[in-house]
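**Student:**
Residue numbers (the numbering used here): 18 to 375.
Listed below in structure tokens is the structure:
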């Protein structure tokens with residue numbers, strides 16, 4: 018857990034780890050030269066499982082994570098940021114998952130978005146099938162860093178944990194390097210509360226700062242697939258699909274679609290998914306196109322241009338609205354609705370009382 022000037026939230030984050038049902042753990046918190054009340058909070062925690070590493074000066078997120086990795090003694094490594102919260106069964110469930118799936122080298126999970134005391138299920142793309150998930154890694158980042166758990170031996174095999182040249186996409190880079198050694202998985206359970214606020218690194222960074230290191234990761238990945246098109250494709254995917262920047266107009270949207278289709282076809286030739294896997298990959302791809310189209314509409318793309326879009330039928334434009342209605346109905350019928358109610362009552366309501374106003 019890296020912590021820099023995190024006194025608003027770090028106590029909750031620490032408590033959520035020390036209260037895990039999996040008790041055989043150490044919690045390494047790197048105080049990265051904090052100038053607020055973070056050091057005092059850390060040193061008041063009376064639990065021998067907490068180990069505090071203090072940086073005399075601020076050295077940054079990546080260097081702090083690498084320092085923690087050098088001191089870690091566990092067989093498994095879990096990551097959590099100092100403003101996020103782990104569900105009590107998180108570590109136990111993820112360790113059990115890796116023990117049952119020796120081919121999986123990195124496990125993430127779904128999560129809840131927590132913002133201004135309100136809890137919402139994250140809508141980020143994910144799929145439990147490793148082949149489909151590997152495709153998603155070409156066009157988005159389905160594995161959130163605060164949900165990661167992996168074997169410590171993975172870092173030994175890679176030779177390096179986080180690479181500083183990919184700052185702001187260091188977790189995306191780590192996931193891609195891990196995929197060279199095995200499969201990755203995203204568990205369907207929501208095991209982390211991911212706090213959204215303007216002081217976080219991703220919340221304060223602009224689209225350009227986030228997109229550039231992600232594009233650098235994708236250039237390495239796209240090279241064997243797309244040849245001379247790799248650089249342009251990486252920039253477009255990182256900017257518009259991962260960064261969420263709107264395209265300038267219809268021609269640019271068509272060009273983005275063409276790049277995506279070329280990438281999709283290249284992936285099919287390399288991995289030969291089953292018909293069922295291919296159908297889910299196509300569904301995820303349509304969702305990305307729809308997202309790009311909606312961003313373009315919000316930035317001024319006219320409805321006339323929208324309905325003339327050759328790869329985006331009208332039903333895909335209005336589908337998200339219908340989908341949200343259907344999702345609400347499903348949530349009322351299936352057990353996750355009870356999980357939502359129980360989680361809000363047991364975890365979120367106490368947290369919400371402690372969240373300072375924006």
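All residues carry an ideal CB built from backbone N, CA and C; glycine is no exception.
1) For residue 375 and residue 24, I'd like the C-alpha separation in whole angstroms.
2) Here's the rule: buried if 16 or more other CB atoms are within 10 angstroms of the residue's CB, otherwise exposed. What is residue 37?
3) Extract the residue ranges of the alpha helix (DSSP H) inside the segment 166 to 234, only unbroken runs of 4 or more that lie entirely within it.
4) CB residue 159 to CB residue 97, shorter than 8 Å?
5) Measure the CB-CB distance between residue 123 and residue 179 and report whether it falls below 8 Å.
6) In whole angstroms, what separates the C-alpha of residue 21 from that of residue 214?
7) Please tell me whether residue 99 and residue 52 are closer than 8 Å, where the distance is taken between their beta carbons.
8) What are the boundary residues of the beta strand (DSSP E) that includes residue 83?
9) Helix, strand or coil: which one does DSSP assign to residue 18?
10) Does the segment 240 to 247 come into contact with the segment 279 to 290, if we say contact requires no fewer than three beta-carbon pairs (one atom in each stretch) closer than 8 Å?
11) So, is residue 157 buried or exposed, given that buried needs 16 or more other C-beta atoms within 10 angstroms?
12) Just how far apart, CA to CA, sit residue 172 and residue 194?
13) Rank 77, 114, 73 by C-alpha distance to the C-alpha of residue 93 and give the top, closest one.
14) Within 7 Å: the Cβ of residue 64 and any heavy atom of the ligand ZN?
15) Output needed for residue 295: all residues of its chain with C-beta closer than 8 Å, excluding positions within five of it in sequence on either side, in chain order.
16) Apart from the five residues on each side of it in sequence, which residues of its chain come closer than 8 Å, Cβ to Cβ, to residue 305?
17) What does a CB cutoff of less than 6 Å around residue 131 pick up in its chain, not counting 5 residues either side in sequence?
18) In three-state DSSP terms, what is residue 105?
19) May I have the straight-line CA-CA distance separating residue 358 from residue 204, to the nearest angstrom?
20) Can you tell which of 78, 39, 144 has its C-alpha closest to the C-alpha of residue 46?
21) Using the Cα positions of residue 28 and residue 197, report the straight-line distance between them to the nearest angstrom.
22) Using the three-state DSSP reduction, which class does residue 95 fall into: helix, strand or coil?
23) Quick one: what does DSSP say residue 277 is sitting in, helix, strand or coil?
24) Work out the CA separation of residue 208 and residue 62 for me, nearest whole Å.
25) Would you list the residues sitting across from residue 69 in a DSSP beta bridge?
26) In three-state DSSP terms, what is residue 317?
27) Whose CA, out of 60, 104, 151, 138, lies closest to the CA of residue 301?
28) For residue 188, count the other beta carbons within 10 Å of its own beta carbon; 16 or more makes it buried, fewer makes it exposed. Which is it?
29) Return helix, strand or coil for residue 292, following the three-state DSSP convention.
30) Per DSSP, residue 125 is paired with what?
31) Taking just the CA atoms, how far does residue 230 sit from residue 75?
32) Name the DSSP beta bridge partners of residue 37, please?
33) Using the beta-carbon count (16 or more within 10 Å), is residue 87 buried or exposed?
34) For residue 111, count neighbouring Cβ atoms within 10 angstroms of its own Cβ and tell me buried if that reaches 16, exposed if not.
35) With 16 as the cutoff for other CB atoms within 10 Å, does residue 289 come out buried or exposed?
36) Alpha carbon to alpha carbon, how far is residue 105 from residue 339? Give it in angstroms, no decimals.
**Tutor:** According to the structure data:
1) Residue confidence is low: residue 375 scores 30 on pLDDT, short of 50, so the model does not pin down where it sits. Its coordinate-derived value is still stated next. If I take the Cα positions, the gap works out to 15 Å.
2) buried
3) 169 to 175, 187 to 196, 218 to 221
4) no
5) no
6) 15 Å
7) no
8) Where residue 83 is concerned, there is no enclosing beta strand (DSSP E), although the alpha helix (DSSP H) it sits in stretches over 78 to 88.
9) coil
10) yes
11) buried
12) 10 Å
13) 114
14) The ligand content of the structure shown is nil, which means the ligand ZN is not present either.
15) 285
16) 142, 156, 157, 258, 277
17) 210, 212
18) coil
19) With a pLDDT of only 49 at residue 358, under the threshold of 50, the placement of this residue in the model should not be trusted; the figure read from the coordinates follows. Spanning the two alpha carbons is a distance of roughly 20 Å.
20) 78
21) 36 Å
22) strand
23) helix
24) 24 Å
25) 46
26) coil
27) 151
28) buried
29) helix
30) 203
31) 21 Å
32) Answer is none; residue 37 lacks a bridge partner.
33) exposed
34) buried
35) exposed
36) Because the pLDDT at residue 339 is just 47, under 50, the model does not fix this residue reliably, and the value given afterwards should be weighed accordingly. So the two alpha carbons sit approximately 34 Å from each other.
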